[in-house]
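Here is the structure we will look at, set down as structure tokens.
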Amino acid sequence: MKRILIINGPNLNMLGIREPGIYGTRDYPSLLEFIRKKAATLGLETEFFQSNHEGAIVDRIQQAYGKSDGIIINPAAYTHTSVAILDALKAVGLPTVEVHLSDVDSREEFRRISYVSLYALKTIKGKGFDGYAEALEFLSELP
Ligand code: DQA
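Number 46 in the working numbering belongs to position 44 of the sequence shown; there are no gaps in the numbering.
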């Protein structure tokens with residue numbers, strides 16, 4: 003059974019409260035429940051990690067080396083700034099999908115830049131929770 007690590011970056015623990023017009027009204031525990039259910043239908047094992055700290059996210063990516071079979075990451079604001087997260091993903095070399103709840107391309111200019119995109123096999127934006135389901139499907143189909 004493939005083991006998928008799902009990492010969510012800063013402020014995603016505030017889902018349901020933060021900017022509901024952009025991120026929706028469902029909260030973070032609902033997101034985890036949604037992902038768990040989808041993963042079960044695909045026969046995938048899930049592990050979750052959320053942090054508001056860049057270094058903690060780097061540490062968690064490093065820990066996945068040799069233990070996880072794939073990573074789904076929504077680096078949130080660190081998407082647009084973090085070379086450290088990009089380098090950590092490159093270091094562990096796991097198949098990675100980048101997910102954004104909102105359509106980052108149709109928002110502020112600074113959200114169009116993603117460092118993680120330079121490594122991710124696929125980037126899914128603007129599909130809300132369904133983006134994570136699509137990411138799970140993509141990883142489950144990899145050899
Ligand atoms: C986000 C988009 C980012 O620009 C933002 O900083 C977030 C969430 C998204 O899921 O749409 O915190 O990654």
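Heads up, the beta-carbon is just placed ideally off N, CA and C, and yes, glycines get one too.
- Task: Go to R113, then tell me how far its alpha helix (DSSP H) extends in each direction, as first and last residue.
- Result: Neither: R113 is in no alpha helix (DSSP H) and is coded neither H nor E.
- Rounded to a whole number of angstroms, what is the C-alpha to C-alpha distance between D71 and R62? 14 Å
- Since K124 sits in a beta bridge, which residues does DSSP pair it with? V99
- Report the residue from H82, L123, G128, L120 whose alpha carbon sits nearest the alpha carbon of R114. H82
- Sort R38, S84, F112 by Cα distance to L120 and report the nearest one. S84
- Task: In the DSSP assignment, find the unbroken alpha helix (DSSP H) run with L44 in it and report its ends.
- Result: 30 to 44
- Item | Neighbourhood of M16 by C-beta distance below 8 Å, restricted to the same chain and skipping five residues each side | Y30
- Query: Got a sec? Which residues, its chain only, sit under 7 Å from Y67 by beta carbon, not counting five neighbours each side?
  - Reply: V94
- CA-to-CA distance, I87 to V60, given in whole angstroms: 6 Å
- Query: Taking C-alpha atoms, which residue in Q65, E139, S142, G130 lies nearest to D27?
  - Reply: Sequence check: residue 27 is Thr here, not Asp. The option with the nearest alpha carbon to T27 is G130.
- Task: Over the uninterrupted alpha helix (DSSP H) stretch that includes I87, give me the two end residues.
- Result: 85 to 94
- Helix, strand or coil: which one does DSSP assign to G133? helix
- Query: Are there 16 or more other CB atoms within 10 angstroms of the CB of Q52, so buried, or fewer, so exposed?
  - Reply: buried
- Message: For a test of the three-state rule: what should DSSP assign to I8, helix, strand or coil?
- Response: strand
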